[in-house]
Structure formats: C-alpha cells, structure tokens
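Only one structure is covered here, and it is reproduced in the block below.
There are 2 protein chains.
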Amino acid sequence: MKVGDVHYRTIWPGADGCSVDVIDQTLLPHRFQIRNLRTLDDACVAIRDMAVRGAPLIGATAAYGFWLAMQRSADDAAMVAAREAALATRPTAVNLRWALDRVYGALETLAPAERPDAALALATDIADEDAANCHDIGRHGLDLITTLHRQKGGDGPVNILTHCNAGWLATVDWGTATSPIYQAHDAGIPLHVWVDETRPRNQGAGLTAWELAGHGVPHTVIVDNAGGHLMQQGKVDLCLVGTDRTTRGGDVCNKIGTYLKALAARDNGVPFYVCLPGSTIDWTLVEGGDIPIEERDPGEVTMVSGADERGALTRVRVMPPQSPAANPAFDVTPARLVSGYITERGVVAAGREALEGAFPDLAAG
Amino acid sequence: MKVGDVHYRTIWPGADGCSVDVIDQTLLPHRFQIRNLRTLDDACVAIRDMAVRGAPLIGATAAYGFWLAMQRSADDAAMVAAREAALATRPTAVNLRWALDRVYGALETLAPAERPDAALALATDIADEDAANCHDIGRHGLDLITTLHRQKGGDGPVNILTHCNAGWLATVDWGTATSPIYQAHDAGIPLHVWVDETRPRNQGAGLTAWELAGHGVPHTVIVDNAGGHLMQQGKVDLCLVGTDRTTRGGDVCNKIGTYLKALAARDNGVPFYVCLPGSTIDWTLVEGGDIPIEERDPGEVTMVSGADERGALTRVRVMPPQSPAANPAFDVTPARLVSGYITERGVVAAGREALEGAFPDLAAG
Chain A
253 MKVGDVHYRT
263 IWPGADGCSV
273 DVIDQTLLPH
283 RFQIRNLRTL
293 DDACVAIRDM
303 AVRGAPLIGA
313 TAAYGFWLAM
323 QRSADDAAMV
333 AAREAALATR
343 PTAVNLRWAL
353 DRVYGALETL
363 APAERPDAAL
373 ALATDIADED
383 AANCHDIGRH
393 GLDLITTLHR
403 QKGGDGPVNI
413 LTHCNAGWLA
423 TVDWGTATSP
433 IYQAHDAGIP
443 LHVWVDETRP
453 RNQGAGLTAW
463 ELAGHGVPHT
473 VIVDNAGGHL
483 MQQGKVDLCL
493 VGTDRTTRGG
503 DVCNKIGTYL
513 KALAARDNGV
523 PFYVCLPGST
533 IDWTLVEGGD
543 IPIEERDPGE
553 VTMVSGADER
563 GALTRVRVMP
573 PQSPAANPAF
583 DVTPARLVSG
593 YITERGVVAA
603 GREALEGAFP
613 DLAAG
Chain B
253 MKVGDVHYRT
263 IWPGADGCSV
273 DVIDQTLLPH
283 RFQIRNLRTL
293 DDACVAIRDM
303 AVRGAPLIGA
313 TAAYGFWLAM
323 QRSADDAAMV
333 AAREAALATR
343 PTAVNLRWAL
353 DRVYGALETL
363 APAERPDAAL
373 ALATDIADED
383 AANCHDIGRH
393 GLDLITTLHR
403 QKGGDGPVNI
413 LTHCNAGWLA
423 TVDWGTATSP
433 IYQAHDAGIP
443 LHVWVDETRP
453 RNQGAGLTAW
463 ELAGHGVPHT
473 VIVDNAGGHL
483 MQQGKVDLCL
493 VGTDRTTRGG
503 DVCNKIGTYL
513 KALAARDNGV
523 PFYVCLPGST
533 IDWTLVEGGD
543 IPIEERDPGE
553 VTMVSGADER
563 GALTRVRVMP
573 PQSPAANPAF
583 DVTPARLVSG
593 YITERGVVAA
603 GREALEGAFP
613 DLAAG
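Protein sequence lines correspond, in order, to chains A and B. For what it's worth, the numbering used here labels the leading residue of the first sequence as 253, then goes sequentially. For what it's worth, the numbering used here labels the leading residue of the second sequence as 253, then goes sequentially.
As structure tokens, then:
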C-alpha cells in the first residue's frame, strides 16, 4: 500500500542484496522509519520487539531471516539452529511455524551451497503469495460488503468495526481484515471504520488508524470498551478481524479482546467475520483452548507510549507503582460466535467441516 | 477509608466553615491533593473536570455545592439558578438529580434566611447516608463472597473482577463495588481483584488500584480487553460493578465497557452483580435505552495522561493527529445479563419486580 506517494510492502530485500528492510512498526504512527536486518538475530529481535508483527508478516520475516542465517552458514547444524531461534520468538502465531517448516523442508533436500539462494527464493515466494492471498481475501470480502451496502439501501455508509491491526502492516501487503475495506473503498462503496484502539499496545489507534488515514478511508478511533455500545445503538454493520491462529475446529485466536466483540456482535445480530489466509490455520489443533497464549511484559499495561506535546516519543505510567499488572496477549473466540472466515479461496462457513472442505490439501497436511 | 494512617472521606466541609474540601481525583494515583471549593461554580467545575466523579459522590458534591450557592444568595431565583447549573454538569448519573431534588424540595418550604444552614444539614445527611448505605452494601456483598469462598472449598482466593472505579473514591466512603471487597478482606477471606484499567480515563488503573493498594487488597491491573479471556480460563469467580443509573426495569447504565464484561460473564457462567444504593435507581425510566449517554471529549481517547520517568504528569498522543476519535462514556447492560443488585437493603434479584419490591417507598416516588 502507499505511504505518501510511494508503494511499500512491510518487508523487502535490502538494496545491498544481502540484508532485509522492514518498516519499524514500534515507531508508528509518530515516525515512519525503515529498519535494516542483517542477521537472523536482527530478524528475531524485530519479531520479539514487534517492529514487525501480525501473523502473516511474522511468517514472512522468519523466512527472510532464514535466508540471512543461510548466508553465514548453511550446514545442517545451522539449519536446525536457525529454525529453533526463529520459533522461540513468539508462541501464538502459527504462520511462524508454517513458514519455517516450508523453508526448512525445501532446503534440507539441497546441498548447503545451494541453500542461501534457495532460501531467498522461498522467502520471496512466501511474501508474494501472502500479498496475493491478502488481495484475494479482499476480493471475497468486497462481495460481502457490496451485499451489505445493497441491504442498507443507500442508507449511509457501511459501518465496519475492526480490532487491533489486521492491516497491510500485519501482512506483506493489503492486510487481511483491511483488504476488503481498501477494495470496497476503491470501488466507491461508502464506508466508515470503527477502529478499536487495542490496548495494551494500541495497534488499532497507532497502526490501523494510520493506515486508513493514509488511504483516505473514513474512520473513528474508539476505546476497546466502546464497541458493544455502538453495536447496541445499531452503529455497526459488520465486524472484520484477523487471526493469529485458527484451529481445524474453527476457533479463532486473535488479539486479546476479540472475544468480547464477538459476544457483542452475537448479542446484537451483527455479522462477525474473520479474515485469514490458509497459512493461519493450525490443522494440528481442534480446540482453541489448546493454543498457547503469550503472556507479555506487564510494562505494556503499566506504561503507555506516545508522542508528547513536542512530538518526542515518551512513556507515561498510568497506575500506581506498587500495583502489579497482567498482560495476556490473545484470546480465543469459539467458532460458534463466528459468522464465517474470509479466505483467499472465498468465504467459508464457521466450523471444522467447511474449513476442511475449503482447504482439503492443507487439511490433509 | 484510609490514606496512609488518616481516615478520609472524598468530600467534607472546609475548616473555614464556609467552603468544601474534596480529593482531586484527576491527580491520582500520582499525587494526593485536596481541592478547596468556595462557590457553586467551583463545585460544578470539579464535577465537570472529574476532580470528583462517581454517581454517589456527584450527588453529594451537588448538595454541598447548593450550600455554597445559598451562602451567597438564598432567594428563590438563586435556588432555581443553582439547581440548573448543577444539573447541567453531567447528564448520566441520576444521583445528581436525586440529591438536587431533595435539597431543593426541602429548602423551598423555608425562608431564605434559613436556607444556608438547612442546605449544609441536608448535604451532611446525604453524605452520611451515602457512607452508611455503602457500608450496608458491603455487608450484604460480604455474605455473597463468604458463600463463594465456601463453595470454592478453600481452593485459592476468591477472584473478583471489577470495572472502572466504584470504590470509596466514587462515593463518600466505602464505595459500592469495593465495599464488599474491603469488608471481605477485613474479615480474613482470601481475595484477589482483577482491575480493568477502564479506558479512556483509566479510573481502574488510576483509582481502584490505588485504593486497593492502600487497603492492602491483592489485585492485578488488566487492560479492558482481558476480562473475557480470564473468565474463559476460570480465573474469575465474581464480577462486581457499580452503576451511574439503573432503571426501574433493572437495566444498568455504567462506565463504557461494562456491557462487554456482562456478556462474557453470562457466556462463562460467572455471577455478575451490580452494587448500588437506592438513590441510583431512576424510577422514571423503564428501558435502559432511554438513558442519555454522555459523549465526552475525544481528547480523552487521543491523549493518555500519566507520570513520565521523572514523575511529572504528562499527556501523550497515542494516534495519528489526523484521525478522529469518539468517546461515549457509558453503556447499558440489560437486566437479563445481571445476576442481581447488591443494595443497602440486601441482594435483590434482577428486574423490575424485585427492585420495586425492595424499594416500594422510592418506587412510589
């Protein structure tokens, strides 16, 4: 998508031919800055610090990181070490394992000398496929939004609520939940997006709002507490969210708080769709309760980052120093609360049967 | 309750005999500072700025403010003007109107010369009654917590989730939702409180955590997104919240986000109780949808206040300057999601019939 007049992806090979560039998302929306990754360790730090985040982008970053590792040493021991290091960065997004398995599986059949170039080709494929899949998710979501717009009979914009950032910044391009939004906006359908700020890291207020503003999509940021009330008031026509891992059974693990919005959507008859590429489905798990939920630094809760009146990035403490905080990063929305999944292969009904039917190749694993 | 070793109420007549002192809650938890109110206008500013907040305390502040007005002029025109000015401060809490009606109704039968002293006596009564009512709410809530503790069979502490601040800072003393917590803690029942930070103003992180820390009650602050996940994990035994206005029909208006927690409680079989004095019931309304919902300054969403690393109070912007924000301050939890009301007259079942049965005198109005 565009930043100003320039088209960017979130990750691309550096100009020197041996490094990787990413957008440093910890500085957005206050500063747009590129971070150059020269080693696998740089890539792991970028994932862990959330300079890159979002399940699809984490997968692509791990693949490019594998390429960086192979440039230094491409023997079997280096392969194992690279895989372990990347896997240890974050536990919840399944795309990480998916991308690493794909790269590792392809490279292990090759001689070490062939591995660096092959790793770059694989990382490029993974990135290109992600962008293409996200574009296709948008195309299928566009049909859904077009139908909703028709049902409203021209009565104001289609109001879409989204949580966290499942935008182009969370993927290589287009985004998952935002791809239908961008494509509907480009198609001239009047839209308005309610953006959950998404505490504790404010990826909605900081990233989704920045993306939507950049693309000219009308939007309003709200606190995470507000969405239920807006649904009660009839001010939400559709919820679109992403996912870090969806089980074979259809349970959706996503940013903490997603479950609460799904409950409110159900209580108010608002359709609740999850946008995901097939790579985000974990075919080894049926129940969402089996997904490991990352417990992050309580400092993300106790301290809030932002720009002070002079524009300097500052952290402020919002609670008493003696009070502890807990910070579970994800929750699980059971399939029973999901209206459907918007995938690169079309809109799929919630639950195991339809998912297996739409992805028989992946489901057979 | 105690601040350090000194017992404080949230509001009391000033030492000069003609003003009112309040705790300035906009500075907590970072600074404990008393604000002196000399005029009704001072009182209105304190309510509007949320130096004092919480439905019961807003009512008491309006009553004391009426006393301040009567000291300057106590004729009928001054009475009308004082009532209008106080009523215009905030629209949602019904205790404001309740307190003003009570003071106004009593004073209009008196000669102007008698009104100042009578106003002080009435404000004192309202404050004393609120403290007594909150104590009684705690006594009835204690029974509920004792039963839960027994049901858990000594298996860890009773885990209570609360939203916003329905603590002693929201009332004259004891609090509504916190009163059972303080009394259970004092009775030796092991407790742990999950404190929703409660964006946008962070009254949970800033005020409830400060209160609980001051009283030595074990607690953990969480983002508003986390409560549903904790309930799914079986980590919440009871939800206790306050209310700014509850209708005759039993619908509960409270801080934005309360409805989402009530939905999660219902979905996970967690009891969800609302703690309220009878003065918070609006007998003129049946449906919660008829309650006016205050729309507050979007700046509360776009900017977060806290203490920087040197302890200075600072505001930081958490979103792009070009993105708009909306800030509805309350939502309505329908009676169907409420387990019951903990009142000064005991625990009352959810819905109209039981409320009218428990408060026949008020319901007859």
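Virtual Cβ for every residue (Gly too), placed ideally from N, Cα, C.
Here the stretch 458 to 469 of chain B lies against the stretch 404 to 424 of chain B, with 3 or more beta-carbon pairs under 8 Å apart. Within the stretch 447 to 462 of chain B, the residues whose Cβ lies closer than 8 Å to any Cβ of chain A are, in chain order, V447, E449, T450, R451, P452, N454, A457, G458, A461, W462.
With at least 16 other beta carbons inside 10 angstroms of its own, B:I275 counts as buried.
Per DSSP, B:V522 is not a residue of any alpha helix (DSSP H), being assigned neither H nor E. Taking the beta carbon of A:P580 as reference, the chain B residues within 7 Å of it are A478, H481, listed in sequence order. The beta carbon of A:R342 sits no closer than 8 Å to any beta carbon of chain B. Between the alpha carbons of B:L359 and B:A329 lies a distance of about 13 Å. Along the stretch 559 to 580 of chain A, the positions whose C-beta sits under 8 Å from a C-beta of chain B are A559, D560, E561, T566, R567, V568, R569, V570, M571, P572, Q574, S575, P576, A577, A578, N579, P580, read in chain order. One finds P572, Q574, S575 in chain A with Cβ atoms closer than 7 Å to the Cβ of B:A465, taken in chain order.
By the C-beta criterion, the stretch 515 to 522 of chain B is judged not to be in contact with the stretch 291 to 303 of chain B, since fewer than 3 inter-stretch pairs fall below 8 Å. Residue pairing for B:Y593: DSSP places it in a beta bridge opposite B:V526, B:V600. For B:E547, the beta-bridge partners assigned by DSSP are B:P580. In the three-state reduction of the DSSP assignment, B:K513 falls in the helix class, which pools H, G and I. Taking C-beta atoms as the reference points, B:L512 and B:T428 fail to come closer than 8 Å.
Per the C-alpha coordinates, the member of B:R604, B:I412, B:A321 positioned closest to B:C270 is B:A321.
DSSP places A:I263 in the uninterrupted beta strand (DSSP E) bounded by 263 to 265. If you draw a straight line from the Cα of B:P442 to the Cα of A:R305, it is about 39 Å long. Within the stretch 450 to 480 of chain B, the alpha helix (DSSP H) runs of at least 4 residues that lie entirely inside it are, in chain order, 461 to 467. Under the three-state reduction of DSSP output, B:T585 falls in the strand class. Residue-level contact by beta carbon holds for A:G509 and chain B, with a gap shorter than 8 Å. Closest in alpha carbon position to A:A334, among A:T344, A:Q323, A:P343, is A:Q323.
At least one beta carbon of chain A lies nearer than 8 Å to the beta carbon of B:T472. The beta carbons of B:G266 and B:N288 sit closer together than 8 Å.
Beta-carbon to beta-carbon, B:T532 and B:T495 are separated by about 6 Å, close enough to satisfy the 8 Å threshold. Sixteen is the threshold: since fewer than 16 other Cβ atoms of the shown chains lie within 10 Å of the Cβ of B:D353, the residue is exposed. The beta carbon of B:Q285 does not come within 8 Å of any beta carbon belonging to chain A, so the residue lies off that interface.
Around B:V600, the same chain offers G592, Y593, A606, L607, A610 as residues with beta carbons nearer than 7 Å, after the five sequence neighbours per side are excluded.
At least one CB atom of chain A sits nearer than 8 Å to the CB of B:P281. Boundaries of the beta strand (DSSP E) around B:R287: 286 to 289. Non-local C-beta neighbours of A:V538 in its own chain, meaning closer than 6 Å and more than five positions away in sequence, comprise T499, R500, G501, ordered along the chain.
Put simply, the backbone Cα of A:V410 is about 51 Å away from that of B:W319.
For A:A559, the enclosing beta strand (DSSP E) covers residues 555 to 559. Per the C-alpha coordinates, the member of B:N385, B:R290, B:P550, B:W426 positioned closest to B:D268 is B:R290. B:Q323 does not reach chain A, its nearest Cβ partner there being about 37 Å away, counting only Cβ pairs nearer than 8 Å. Sorting A:F284, A:T278, A:Q285 by C-alpha distance to the C-alpha of A:R300 places A:T278 at the top.
When secondary structure is reduced to three states using DSSP, A:L279 falls in the coil class, being assigned neither helix nor strand.
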